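K.L.:
If you read the sequence shown in the working numbering, its first letter stands for residue 1448, the second for the next number, and so on.
Note that the Cβ used here is the ideal one computed from N, Cα and C, for glycine as well.
Please read these numbers as outputs of a predicted model, since none were measured by experiment.
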Amino acid sequence: MPAASLTRESPFLLRLGAYLSERFPPLGHGLIVIAYYASNHSVASVLTDPSGSVRLGVGALMGAATILLFFFHLRVFDEHKDRADDDTYHAERVLQRGLVTLRDLRVIGGTGIALEFLFAAVSGPAALVSLAIAFAFSLLMLKEFFVGDWLKRHFIVYAVSHMLVMPLLAAVVLSFATGRYLWQAPVWFWVFAAFGFLAGLNFEVSRKMKAPDDEIDGVDSYTKILGTFTAAYAVLAMRVVDVGLAALVGLRLGLSPWFYVVLVLALAVCAASVLSFRVGLSSGTAKRMETYSVLLLLILNLSMAAAIAQEYGIAWGTP
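#1: If you count every other CB in all the chains shown that lies within 10 Å of the CB of Phe1459, and 16 or more means buried, which is it?
#2: Which whole-angstrom value describes the C-beta separation of Ala1641 and Leu1692, a residue pair presumed to lie in contact below a C-beta threshold of 8 Å?
#3: Excluding the 5 residues preceding and the 5 following Ile1560 in the sequence, name in chain order all residues of the same chain whose CB lies nearer than 6 Å to its CB.
#4: Who are Ile1761's beta bridge partners in DSSP?
#5: Take Ser1750 and list the residues in its own chain whose beta-carbon comes closer than 7 Å to its own, dropping the five residues that flank it on each side.
#6: Would you kindly work out how many angstroms separate the C-alpha atoms of Thr1577 and Tyr1628, rounded to a whole number?
#7: Who are the near neighbours of Ala1756 in its chain, counting only those whose CB is closer than 8 Å to its CB and skipping five residues on each side?
#8: Under 7 Å Cβ to Cβ from Leu1552, same chain only, skipping five residues before and after it: list those, please.
#9: Take the Cβ of Leu1743 as the centre, count every other Cβ of all protein chains shown within 10 Å, and call the residue buried at 16 or more, exposed below.
#10: Let me know if Lys1599 comes out buried or exposed under the rule of 16 or more other beta-carbons within 10 Å of its beta-carbon.
#11: Anyone know if the C-beta pair for Phe1566 and Met1613 falls short of 8 Å?
#12: From which residue to which residue does the alpha helix (DSSP H) around Tyr1669 run?
#13: Beta-carbon separation of Ala1679 and Arg1725 under 8 Å?
#14: With a Cβ-Cβ cutoff of 8 Å, do Leu1546 and Arg1455 count as a contact?
#15: Are the region 1504 to 1518 and the region 1602 to 1619 touching, with three or more C-beta to C-beta distances below 8 Å?
#16: Pairing CB atoms from the region 1696 to 1706 with CB atoms from the region 1731 to 1741, are three or more of them under 8 Å?
#17: For the region 1520 to 1566, list the alpha helix (DSSP H) runs that are entirely contained and at least 4 residues long, ordered along the chain.
#18: Applying the 10 Å Cβ sphere with the 16-neighbour rule, what's the burial state of Thr1625?
#19: Using beta-carbon positions only, say whether Met1610 and Leu1648 come within less than 8 Å of one another.
#20: Relative to the alpha-carbon of Leu1714, which residue among Trp1597, Leu1698, Ala1684 and Ser1486 has its alpha-carbon at the smallest distance?
#21: Please classify Thr1675 as buried or exposed, where buried requires at least 16 other C-beta atoms within 10 Å of its C-beta.
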């Protein structure tokens, strides 16, 4: 049922489904988490045990579920800290219309957080420690590091500081995959974590790029702050560096030549999206900047996982 036709008297599951479709689409986020978890799990496995295969089991499923739930609780935190601005500028949203409430989200998000810690505890002390550190950082994000007014005046610093959660999530995956504490991670794993950080930052910048006619007074965007074309070139630079980091990790792991062909083709397609935005400013080309950032994230992570599986093999069992 379309969200526009729902009322506060509609069944709760329909209202919750409308909220999720709008703010946390399960299929889209599920695909991203599968790709992200698969690549980080694979890289962690073969870097810590080059002679072995990538081992997959129930622990990997719990780890992937933990990452998905973590992203959802970040969404719930964002709804709380951004409520005043969203009420002003996005009154049409499901939450702002009262179809779901912050209390509803706290109950669901709190249940998700409990499951995160349950899965981590079952996986072992290293996973529990890594998750606790990432969760503590998410609380700092909720409080905007206690310098919220300053961060809002420094939009780029705001984005970079919040994206630092990505390497911590990579460490959570490492601990689920190998049983190692995050300080025991190989250096090359942190190189791959930097790839994940840049991929997340690329998405964050890309989704907040607007054509001039779509800018909203009082709402910051990267095109407004950096300038339309500077923002586009910044996105392109991040994509180039991101592909370069993936290539370096691939070389370290001795992956098949087809992996690098995929990297080049993916970068070429994403560069074309930047060019189309540069040449023809419109709502459509701006939206494609976000779409292609997601495609690049999916392609790079899935191709990394597939190339590692081809090179090292997959074994079923613990983890």
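P.N.:
In short, the structure shows the following:
#1: So Phe1459 counts as exposed.
#2: Their Cβ separation, rounded to whole angstroms, is 6 Å, which keeps Ala1641 and Leu1692 in contact under 8 Å.
#3: Closer than 6 Å at the Cβ level, and outside the excluded window around Ile1560, lie His1520.
#4: DSSP output for Ile1761 lists Val1501 as bridge partner(s).
#5: So the list reads Phe1706 and Val1709, once near-sequence residues are dropped.
#6: Here residue 1577 turns out to be Ser, not Thr, going by the sequence shown. As the crow flies, the alpha-carbon of Ser1577 is around 7 Å from that of Tyr1628.
#7: Excluding residues within five positions, the ones whose Cβ falls inside 8 Å are Ser1489 and Val1501.
#8: The residues are Val1523 and Glu1526.
#9: Leu1743 comes out buried.
#10: It counts as exposed.
#11: At the C-beta level, Phe1566 and Met1613 stay beyond 8 Å of one another.
#12: Membership of Tyr1669 in the alpha helix (DSSP H) is indicated by the continuous run Tyr1669 to Leu1673.
#13: For Ala1679 and Arg1725, yes; Cβs fall inside 8 Å.
#14: Using a Cβ distance threshold of 8 Å, Leu1546 and Arg1455 count as a contacting pair.
#15: Output reads yes: the region 1602 to 1619 touches the region 1504 to 1518.
#16: Cβ pair count under 8 Å is below three, so no.
#17: Listed in chain order, the alpha helix (DSSP H) runs fully inside the region 1520 to 1566 are 1530 to 1536, counting runs of at least 4 residues.
#18: Burial check for Thr1625: the Cβ neighbour count within 10 Å reaches 16 or more, so the residue is buried.
#19: With respect to Leu1648, Met1610 sits close: the two C-beta atoms are nearer than 8 Å.
#20: Of the listed residues, the one whose Cα sits closest to Leu1714 is Ala1684.
#21: It is buried - the Cβ of Thr1675 has at least 16 other Cβ atoms within 10 Å.
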